[in-house]
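A.B. asks:
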Amino acid sequence: DDGSYQNIILHLVYQDDMEISSASRQAIPTAEIRFPPHIHERFSSLLNNTEWIPCGNLIHAIDPLILNLWLDRLMAERMEQKASDIIRNHRETKGDWKETIYRQLARNFGFKTNGLAFELLSKSLPLKYLEKHCHSLIQTEALLFGQAGFLEAKDGDNYYVRLRKEYDFLRKKYNLRPIHHELWKFLRMRPVNFPTVRIAQFAAMLNSNPGLVSKFLEHEPEAIYDELRSLEPSGYWDRHYRFNNPSTVKKKSLGNEAVYNIIINTLIPVYFEYGRQTGTDHYRQKAVEFLEKLPPEANRVVRGWKEYGMKVPNAFYSQAMLQLKNYYCNYKKCLFCQVGNQIIR
């Protein structure tokens with residue numbers, strides 16, 4: 023008598039052990055779909071496994087060709103997911119690739135903790151204003167720190183006061199409205215990752231390489247890496263992590279890991295999406311080739327795969343394995359995974 027069966031024309035079951043009728047009490051045709059018992063047993067074994075990955079003790083039995091083809095697909099899937107932000111920004115900027123890349127860069131300079139705040143900062147400060155003042159690091163910093171909400175206090179050290187004075191003028195000139203400084207997170211972070219340090223590095227990038235955003239599509243990835251690795255913020259930040267709080271002297275250039283992170287999460291997805299939208303496979307191929315040259319990321323997931331004896335020779339593999347772990351293994355979607363399919367058969 024269940025109304026849910028009213029529109030059913032065929033009832034598919036594993037075992038036909040009872041008759042199903044419609045609301046009008048007419049019998050619904052039923053068909054059994056049987057499969058060997060071992061398939062159910064293996065699937066149940068994977069679902070009930072509490073290991074870090076359900077198939078950890080079986081994955082080495084998978085045909086390497088099948089595994090590599092699956093990792094290729096996972097890598098493409100990961101790029102498609104990352105492209106969603108690029109597509110959104112590209113639409114919001116009315117097809118302006120320079121502004122789109124600028125926003126993506128900003129978001130990834132904030133990494134996970136301050137990515138959203140960095141993106142809001144970039145939206146509050148169009149690239150065209152920064153380009154007008156890229157010849158002056160003090161003005162570039164004033165615009166960025168001011169729009170980030172870090173120049174609201176009236177008093178501070180000489181450098182702070184100078185930045186505030188510059189910002190007050192530029193704010194009125196361009197009718198700018200800063201974002202709330204409460205958006206920025208400092209808690210439980212290493213000082214080198216403080217948003218103030220990241221903004222200073224972002225300013226240095228825009229100042230020392232005025233056309234870098236355009237170069238993202240024009241130059242080879244290796245050249246972009248060299249540009250990012252060599253940038254240095256103003257000398258003030260050698261002695262500070264936050265405004266008005268002196269610290270021991272330490273250069274605040276971007277480390278290798280930070281540069282790799284920015285390239286993997288900004289440059290590579292931009293290449294993929296730009297190639298898709300323009301129909302030029304050259305950019306996608308360039309992205310893949312550069313990922314294969316980069317070392318794998320040093321994170322918990324990659325370390326976990328290595329503990330199971332999996333080889334992770336480069337960033338292409340580490341990105342694919344991040345996708346596999348985070349979107350398949352964690353949710354035990356073994357039926358949708360080529361590895362799981364091979365094991366269950």
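Each number in our numbering comes from the position in the sequence shown (counting from 1) with 22 added on.
Just so you know, even glycine gets a beta-carbon here, dropped at the ideal spot from N, CA and C.
1) Compute the distance between the beta-carbons of ILE366 and ILE61, then report whether it is under 8 angstroms.
2) Is DSSP giving SER106 helix, strand or coil here?
3) DSSP has ALA10 in a bridge; who is on the other side?
4) Assuming the contact rule is C-beta atoms closer than 8 angstroms, TYR330 and ILE81 should be a hit. Round their C-beta distance to whole Å, please.
5) Between which residues of its own chain and PHE312 is the CB-CB distance below 6 angstroms, once the five residues before and five after are set aside?
6) Could you name the residues of the same chain whose beta carbon sits closer than 7 angstroms to that of GLU314, not counting the 5 residues immediately before and after it, in chain order?
7) Which residue wins for smallest C-alpha separation from PRO200, given the options LEU209, ALA170, PHE358 and PHE216?
8) Measuring straight from C-alpha to C-alpha, what distance separates LEU127 and SER44?
9) Classify PRO317 as buried or exposed, calling it buried when 16 or more other Cβ atoms lie within 10 Å of its own Cβ.
10) The alpha helix (DSSP H) that contains TYR124, what's its start and end?
11) Are the beta-carbon atoms belonging to ARG100 and ALA342 less than 8 angstroms from one another?
12) Do VAL310 and ILE123 count as a contact pair if the criterion is CB distance below 8 angstroms?
13) Give me the residue from GLY137, ALA225, VAL323 and GLN28 with the minimum Cα distance to THR257.
14) Just mark SER340 as buried or exposed, buried being the case when its beta carbon has 16 or more other beta carbons within 10 Å.
15) Quick check: the Cα distance between ASN348 and VAL183, rounded to an integer number of angstroms?
16) Assuming the contact rule is C-beta atoms closer than 8 angstroms, ILE17 and GLN360 should be a hit. Round their C-beta distance to whole Å, please.
17) So LEU185 and PHE167 are in contact, right, with Cβ under 8 angstroms, and what is the actual spacing, rounded?
18) Closest to ILE55 by CA distance: which of LEU32, CYS77, LEU69 and ASN71 is it?
19) Can you give me the Cβ contacts of PRO51 inside the same chain, cut-off strictly under 8 angstroms, excluding the 5 residues immediately before and after it?
20) Output the distance between the C-alpha atoms of ARG251 and TRP92, rounded to the nearest integer angstrom.
21) Residues in its own chain within less than 7 angstroms of TYR181 by CB, not counting five upstream and five downstream?
22) Check the DSSP bridge columns for ARG199 and list the partner residues they point to.
23) Specify, as a first and last residue, the run of the beta strand (DSSP E) that ARG264 falls within.
24) Under three-state DSSP, which class holds ASN111?
C.D. replies: According to the data block:
1) yes
2) helix
3) Residue 10 is absent from the structure shown; the chain starts at 23 and stops at 367.
4) 7 angstroms
5) PRO243
6) ASN336 and PHE338
7) ALA170
8) 58 angstroms
9) exposed
10) 119–131
11) yes
12) no
13) The amino acid at residue 257 is misidentified as Thr; the sequence shows Gly. Among GLY137, ALA225, VAL323 and GLN28, the Cα nearest to that of GLY257 belongs to ALA225.
14) buried
15) 46 angstroms
16) Given a span of 23 to 367 for the chain in the structure shown, any question on residue 17 remains unanswerable.
17) 6 angstroms
18) LEU32
19) ILE31, LEU32 and HIS33
20) 33 angstroms
21) TYR258
22) Beta-bridge pairing links ARG199 to no other residue.
23) 262–264
24) helix
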